[in-house]
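So the sequence shown is numbered by my numbering: it starts at 163 and just counts up by one.
Working notes, beginning with the structure itself.
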Amino acid sequence: MRRLKIFFMAMLVLSSALIFSLTAISQDTTVSTSTASTSFENTPEWNKIGDYLKQTWLAAKKSGDMSEKYRCFARVDAPFDDGDANFMTSKGFIIQMSSGTIANGFVKLQDLQGVAKLPFVRSIDLERMK
163 MRRLKIFFMA MLVLSSALIF SLTAISQDTT VSTSTASTSF ENTPEWNKIG
213 DYLKQTWLAA KKSGDMSEKY RCFARVDAPF DDGDANFMTS KGFIIQMSSG
263 TIANGFVKLQ DLQGVAKLPF VRSIDLERMK
């Protein structure tokens, strides 16, 4: 009978230790997830965005409407091929035309960071009409 009590106490201690360690692990992942969700302005991709597009993005963020689509151009690494175009399209950049190291098209502001993260994209800015 005494052995049975010791066995159950040991199981209780082990299960408590397991629950405690799992709780600690989940708290660590929560902290790292919140760290990973830093704002776009504090990422290296933000430096790929031109000044006019930055102003537009900040104004839209302030208003809360990031769904607006803007005509942009992106400078990309050469050679820009169909695979690169497909990657840009998958991230939300709707390509109308590409020539050499420039891709023209549309992007929603909510998709801008995903496009800027692409390694072959060097810069993105608003296309300004003269």
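Positions of the beta carbon are idealized from the N, C-alpha and C atoms, including for glycine.
inquiry  = Could you tell me the alpha carbon to alpha carbon distance between Pro281 and Ile257, rounded to whole angstroms?
reply    = As a working note, residue 281 is residue 119 in the sequence shown. As a working note, residue 257 is residue 95 in the sequence shown. The alpha-carbon of Pro281 is positioned some 17 Å away from that of Ile257.
request  = Output the distance between the C-alpha atoms of Phe242 and Val269, rounded to the nearest integer angstrom.
outcome  = Here the question's residue 242 lines up with position 80 in the sequence shown. Here the question's residue 269 lines up with position 107 in the sequence shown. Their backbone Cα atoms lie some 18 Å apart in a straight line.
task = Taking only the alpha-carbon atoms, compute the straight-line gap between Gly276 and Gly254 and give it to the nearest angstrom.
result = Locating residue 276 in the sequence shown gives position 114, counting from the first residue. Locating residue 254 in the sequence shown gives position 92, counting from the first residue. Here the alpha carbons of Gly254 and Gly276 stand approximately 8 Å from one another.
task = Below 6 Å CB to CB, which residues in the same chain sit around Ser260 once its five sequence neighbours on both sides are set aside?
result = Locating residue 260 in the sequence shown gives position 98, where the first residue counts as 1. The answer, listed in chain order, is Phe242.
DSSP-derived helix/strand/coil call for Ala186 = Within the sequence shown, the letter at position 24 stands for residue 186. Annotation note: pLDDT 46 at Ala186 (below 50); position unreliable, no value reported.
request  = Name the two residues that bound the continuous beta strand (DSSP E) containing Phe242.
outcome  = Residue numbering aside, residue 242 sits at position 80 when the sequence shown is read from its first letter. Taken as a continuous stretch (DSSP letters only), Phe242 belongs to no beta strand (DSSP E), as it is neither H nor E.
request  = Given a cut-off of 8 Å, decide if Trp208 and Leu271 are closer than it, judged by their beta-carbon atoms.
outcome  = Here residue 271 corresponds to residue number 109 of the sequence shown, with the count starting at 1. Here residue 208 corresponds to residue number 46 of the sequence shown, with the count starting at 1. Contact: no.
key: Exposed unless 16 or more other CB atoms sit within 10 angstroms - verdict on Met250   = On the sequence shown, position 88 is the one that residue 250 refers to. Label assigned to Met250: buried.
task = Can you have a look at Ala240 and say buried or exposed, based on whether 16 or more other CB atoms are within 10 angstroms of its CB?
result = Taking the sequence shown and counting its residues from 1, one reaches residue 240 at position 78. Exposed, because fewer than 16 other Cβ atoms sit within 10 Å of the Cβ of Ala240.
task = Could you tell me which residues DSSP puts in a beta bridge with Gly267?
result = Taking the first residue of the sequence shown as position 1, residue 267 is located at position 105. Residue pairing by DSSP places Gly267 opposite Cys234 and Ile257 in a beta bridge.
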